[in-house]
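Following: one structure in structure tokens, then a few remarks.
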Amino acid sequence: AILLGPYAFPSVEAFVSSSISTSKSGQQNVQIAGRTRTAAGSSLQMASTPSTLFTDPFAKLTSKIVETEQTVQSIERTAVETSAKETLGVLDRISGIFDGIAADAVNALPAETVQNIVSSAISAAKDVASSLDTTVTGNAVLAPVYLIVKSKLAELSPELTSELGSLPPAVALVASAGITYGLITAVLSFGKPPPPRRPYPLGRYDAASARAYFDTRLGDVIARGVEVGALSAKFGLGLLSDYLGGKLDENAERRALELSTLLTELGPSFIKVGQSLSIRTDLLSPAYVRGLKTLQDQVPPFPTAEAKEIIEEELGKPIDTIFSEFPSEPVAAASLGQVYRARLREDGREVAIKVQRPSIMNQIALDMHVIREIAPILKRTFNLNTDLVGTVDAWGLGFVDELDYISEARSAEEFTESIQSTPLAGVVSAPPVIEEATTGKILT
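The working numbering numbers the first residue of the sequence shown as -9 and each following residue consecutively.
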């Protein structure tokens, strides 16, 4: 009772209820928690007056217990009151910050910027939160929060009132978070250079530039994160079931194939990650190494019509004026591009032409940004003793470098020249590059 105080019993006084009575035989009885202890003779001598009552050791203990409980309850009341005051103080400060933004941000920002922030946040929120409406409106905690957020945002701009008023409650809550984030980001960016128009302005992997680029495209980041999470949920639950059931080794082969399929569904960036991991026998079990190696054969091609559009856009000519023969299907497809076997119209030479996947640079940049932002969370959650962010950066450098077909063409030429002075001359070679049909996205 002393240790647990009011958490053990509603009241220590109720538990240690002491009273002294004298039986007809002259014995003294002490009532403790409904049980009677009888003391005969001098073994328990208690006087009937208060001054002598508390000289008895047992009575002193009873008094001490009561005093301890009263002290604990007093401390608890003080702690609760202090915590409540501090919490209210924090909420007041947050409200003050929000009011400050409401007073200055909209006037300082162009109307078009505010509208773009609102539209982007609402678009992302519709994808994320539509299924939560019933929960929000029926929850005693969330419903008042929704009304408060809505009223605060209404103060921020009349445009927000009409936009948010037509949204389901859950979507409005998520949208308000995105709007607040967008406005604060815009205010904090005053005096700074505008964000880059491309995630990698110099054509090389740059995590800082990618973050600046995607900070203005929060909707894209949220949507991709939700997509990755939704597609990965089934595999994650299966893996958790194996762990809880002690079947990790037994089901490893099946899970490895499921992981390979999942990475293929997630797209080129994750396929490249899986291919990179497929050679890491120091990190993965043999079953997962075998499963991820199937990624080399599972990459689906993109439509040839899109490949032709890329070729014509890059070379600035209709494809029929460049090639006399161009097949309807590629001979091979990889995670970043695919290869066709064609024939040049000019001299009839048979060539291999590698075409980069549509919008692959932006897709890789978005995926690398999402993975890089999640990496520190994964490291803390699973207590991983490795530099996950550094690993992601290494992947990004390699993936983006592979997209520079001009650099690849130069490497092929340098390789051919250097091999001539070795015993491998005439045995090993790289095919000559057709410069007039080679660009950053096409290699012929």
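Just so you know, even glycine gets a beta-carbon here, dropped at the ideal spot from N, CA and C.
What do you reckon, are the CB atoms on residue i and residue j nearer than 7 Å?
i	j	result
Leu285	Gln265	yes
Arg347	Phe292	yes
Ala378	Ala399	The question names Ala, but residue 378 is Leu in the sequence shown. No, Cβ-Cβ distance for Leu378 and Ala399 is not below 7 Å.
Thr271	Val279	yes
Ala324	Ala277	no
Ile350	Leu387	no
Leu356	Arg214	yes
Gly281	Ser231	no
Thr406	Ala415	no
Tyr203	Pro185	yes
With a threshold of 16 other CB atoms inside 10 Å of the CB of residue i, please say whether the residue is buried or exposed.
i	result
Pro(-4)	Unreliable positioning characterises Pro(-4) in this predicted model, as indicated by a pLDDT of 39, which lies under 50. A coordinate reading is not provided.
Ile367	exposed
Leu374	exposed
Ile432	buried
Ala23	Because the pLDDT at Ala23 is just 41, under 50, the model does not fix this residue reliably, and the value given afterwards should be weighed accordingly. Ala23 is exposed by the Cβ-count criterion.
Val321	exposed
Thr60	It is worth fixing the name first, because residue 60 is Gln in this sequence and not Thr. When all chains shown are included, Gln60 counts as exposed.
Val418	exposed
Ala297	buried
Thr429	buried
Pro189	buried
Gln328	buried
Ile301	buried
Ser120	Residue placement at Ser120 is flagged as unreliable, the pLDDT there being 49, under the threshold of 50; the coordinate-derived value follows with that caveat. Classification for Ser120: exposed.
Ile269	exposed
Tyr233	exposed
Gly245	Reading off the sequence, residue 245 comes out as Arg, not Gly. That one is buried.
Lys54	exposed
In whole angstroms, what separates the C-alpha of residue i from that of residue j?
i	j	result
Arg331	Pro258	22 Å
Thr206	Ala200	10 Å
Glu426	Asp196	30 Å
Ser314	Val423	18 Å
Lys224	Pro191	37 Å
Leu267	Leu274	8 Å
Glu336	Glu392	29 Å
Leu312	Gly209	In the sequence as displayed, the identity of residue 312 is Ile instead of Leu. Cα to Cα, the separation comes out at about 40 Å.
His359	Gly338	44 Å
Pro413	Lys307	42 Å
Ser397	Ala342	17 Å
Val390	Gly193	8 Å
For the alpha helix (DSSP H) containing residue i, name the first residue and the last one.
i	result
Ser266	Pro258 to Leu267
Glu425	Counting along the chain, Glu425 falls outside any alpha helix (DSSP H), and DSSP gives it neither H nor E.
Glu319	Unbroken run through Glu319: none, as it is neither H nor E.
Asn373	Here Asn373 belongs to no alpha helix (DSSP H), and DSSP marks it neither H nor E.
Specify, as a first and last residue, the run of the beta strand (DSSP E) that residue i falls within.
i	result
Ser435	Residue 435 lies beyond the residue range present for the chain, which begins at -9 and ends at 434; the question has no answer from this structure.
Glu340	Glu340 to Gln346
Gly416	Unbroken run through Gly416: none, as it is neither H nor E.
Leu334	Gly327 to Leu334
Mind reading off the beta-carbon distance from residue i to residue j? Whole number of angstroms is fine, and I expect it under 8 Å.
i	j	result
Ile361	Val382	5 Å
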